[in-house]
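All the letters of the sequence shown, read from the start, carry residue numbers 1 to 206 under the numbering used here.
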Amino acid sequence: MELASYSDYAVRLVNTEEPARNKDTLTSVEAVRELFGDSRQAARRATDSDVTRFRSVRARLRAVFEAADDGEETLAVDLLNSLLLDFPVSPQISGHDFRDEDGRPDWHMHLADHPSNATAGYAAIAAMGLAFHLTGHGVDRLGLCEALPCRNAYLDTSTNRSRRYCSDRCATRANVAAYRARKREEAERTGRSAESAQPTTAVTDR
Numbered sequence: 001m002e003l004a005s006y007s008d009y010a011v012r013l014v015n016t017e018e019p020a021r022n023k024d025t026l027t028s029v030e031a032v033r034e035l036f037g038d039s040r041q042a043a044r045r046a047t048d049s050d051v052t053r054f055r056s057v058r059a060r061l062r063a064v065f066e067a068a069d070d071g072e073e074t075l076a077v078d079l080l081n082s083l084l085l086d087f088p089v090s091p092q093i094s095g096h097d098f099r100d101e102d103g104r105p106d107w108h109m110h111l112a113d114h115p116s117n118a119t120a121g122y123a124a125i126a127a128m129g130l131a132f133h134l135t136g137h138g139v140d141r142l143g144l145c146e147a148l149p150c151r152n153a154y155l156d157t158s159t160n161r162s163r164r165y166c167s168d169r170c171a172t173r174a175n176v177a178a179y180r181a182r183k184r185e186e187a188e189r190t191g192r193s194a195e196s197a198q199p200t201t202a203v204t205d206r
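1. Span of the alpha helix (DSSP H) holding SER162?
2. Any idea if ASP50 is buried or exposed, counting beta-carbon neighbours within 10 angstroms, 16 or more meaning buried?
3. Candidates GLN92, ARG12, SER94: which alpha carbon is nearest LEU26's?
4. Measuring CB to CB, does PRO19 end up less than 9 Å from ARG141?
5. Residues in its own chain within less than 8 Å of HIS110 by CB, not counting five upstream and five downstream?
6. Which residues mark the beginning and the end of the beta strand (DSSP E) in which GLY143 is found?
7. From ASP24 to THR159, what does the alpha carbon distance come to, in whole angstroms?
8. So which of LEU61, LYS183, ALA42, HIS133 has the shortest CA-CA distance to ALA153?
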């Protein structure tokens, strides 16, 4: 697995909360375990105490995305560096479960589980993955969805740095809203033009 792919860990965690909608799906240890995806061994280490710890890490990761979305590059980097310091990674060479075309081990870098707790392990992977994505693609590739009230995080992997929404659904919703707004504005302009074009009747004293 490429280390940059671990950045999805950060996005998944941040998007468990939608502040503007007062929604939070990170309310149980089961929800925490779901974040690990196929890493079942790491997920099994999660306990009830990790719910609060995960929420704390989530707030710090969202702050990174908010800073990047606001164009505050230095702040975004500083916040991410703080996470990297608090949750150091343990890189290892792995490949026993993967084989190349010749049947030899497909050696690659892998981030080992953190020995402390499930939160520390997840945070270390998420922060390192986000750091690799940021340094490889740029701070401006971290964004928050512009389809209000949604403010989900996303990683822009488009060729022309044009992504503005977290999903196709939000992009469609925003485009429909913009279209309707333009139609209303056109109708209002047409109405004002019609009113101004109406002939006025002169009033004379008798």
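For glycine and all other residues, C-beta sits at the position ideal for the given N, C-alpha and C.
In this structure, then:
1. Here residue 162 refers to the residue found at position 162 when the sequence shown is read from its first residue. Premise fails: SER162 is in no alpha helix (DSSP H) and is neither H nor E.
2. In the sequence shown, counting from the first residue as 1, residue 50 sits at position 50. So ASP50 ends up on the buried side.
3. Here the question's residue 26 lines up with position 26 in the sequence shown. Among GLN92, ARG12, SER94, the Cα nearest to that of LEU26 belongs to ARG12.
4. Along the sequence shown, one-based indexing puts residue 19 at 19. Along the sequence shown, one-based indexing puts residue 141 at 141. Cβ atoms of PRO19 and ARG141: not closer than 9 Å.
5. Walking along the sequence shown from the start, residue 110 turns up at place 110. Result list for HIS110: MET1, PRO91, GLN92, ILE93, SER94, in chain order.
6. Reading the sequence shown from its first residue, position 143 is the one you call residue 143. 142-144 is the span of the beta strand (DSSP E), which, as asked, contains GLY143.
7. In the sequence shown, residue 24 corresponds to position 24, counting from 1. In the sequence shown, residue 159 corresponds to position 159, counting from 1. If you take the alpha carbons of ASP24 and THR159, they lie about 32 Å apart.
8. Counting from 1 along the sequence shown, the entry for residue 153 is found at position 153. Looking at the Cα atoms, LEU61 is the closest of the given residues.
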